[in-house]
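Heads up, the sequence shown is in my numbering, so the first residue is 1 and it goes up one at a time. One structure below.
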Amino acid sequence: MNNITFVGNLTADPRLVVGQGEGKARATFSVAVNEGQGDRERTHFVNVTAWGTLGENVADSLTKGMRVVVVGRINTYPREVIIDGKDKSLTMMSVVATAVGLDLRWVHAKVTKFVRDSGNDGSEGGETQIEFPALAPGPLDSVHTRSWCRKLNQHVHFIPKILDLVMVLHHLGGFLQFHHLLPHGLW
């Protein structure tokens, strides 16, 4: 397949359209991709389409100017245009996205993860807000904090149980040293 990965800035807010018929959502947006440096720098504008849940999340999460990473499949299609009064046939390119995310080089983000419930009815569960600790200066250095966040992410399924335990200890007036109850390696 003709897969491509590129990084660039959104030129405008993504536009979300919900089709008639099946009602499948589609977000369209354009990404400005720079290549080269100095006098040799060129900017390419890539049109991108994201379908379904990905498209809805793109439209809800991203705005003009944000730096994004796009992974997708290249589509080409013919287009008839008039240039200087003459009919021309051009081959246009667009990308159908399979993944879109923020480039976290210059920003940090909070993530809302959609958890699928494996219940008997096959329906999806609600959303779970996961907020990772901020990397703040102080006695806890950023290397330790990043390491702790990675470990927490590996054991995210324990969070509801841990929060229940914290509430019980709090109501009992207990001292909140419960780190020995966490999965090994989390602290």
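Heads up, the beta-carbon is just placed ideally off N, CA and C, and yes, glycines get one too.
Closest to residue i by C-alpha separation, out of the options, would be which residue?
i    : options              : result
G72  : V96, S89, I82        : V96
R15  : R26, A99, N34        : R26
I4   : S89, I74, R79        : I74
V31  : G8, G19, G23, V18    : G8
N34  : S61, E56, F6         : F6
G55  : K110, G19, I83       : G19
V70  : L102, G52, R40       : L102
W51  : V17, D84, I82        : V17
N2   : T76, G65, K24, G23   : T76
K64  : V111, T112, T28, G23 : T28
V111 : K86, R79, R40, L62   : L62
K24  : P78, R42, T53, I83   : T53
With a threshold of 16 other CB atoms inside 10 Å of the CB of residue i, please say whether the residue is buried or exposed.
i    : result
L10  : buried
A99  : exposed
A59  : buried
A12  : exposed
L104 : exposed
F206 : The requested residue 206 does not occur in the structure, where the chain is confined to residues 1 to 187.
V68  : buried
V107 : exposed
A134 : Caution applies to A134, whose pLDDT of 48 falls short of 50 and renders its modelled position unreliable; the model cannot decide the point.
L140 : Because L140 carries a pLDDT of 42, less than 50, the predicted location of this residue cannot be relied on, and the following value inherits that uncertainty. Exposed.
Which residues does DSSP list as the beta-bridge partners of residue i?
i   : result
R42 : E35
S30 : N47
G19 : DSSP output for G19 lists no bridge partner at all.
N9  : A32, R67
G72 : I4, A97
A25 : V18
Could you check whether the Cβ of residue i sits closer than 7 Å to any heavy atom belonging to the ligand SAM?
i   : result
D84 : Summarising the ligand content, the structure contains no ligands, and the ligand SAM is consequently not present.
Checklist entry - Three or more beta-carbon pairs under 8 Å between the segment 88 to 104 and the segment 40 to 51, yes or no? => result yes
Checklist entry - Could you give the uninterrupted runs of the beta strand (DSSP E) lying entirely in the segment 74 to 117, keeping only those of 3 residues or more? => result 86 to 102, 111 to 114
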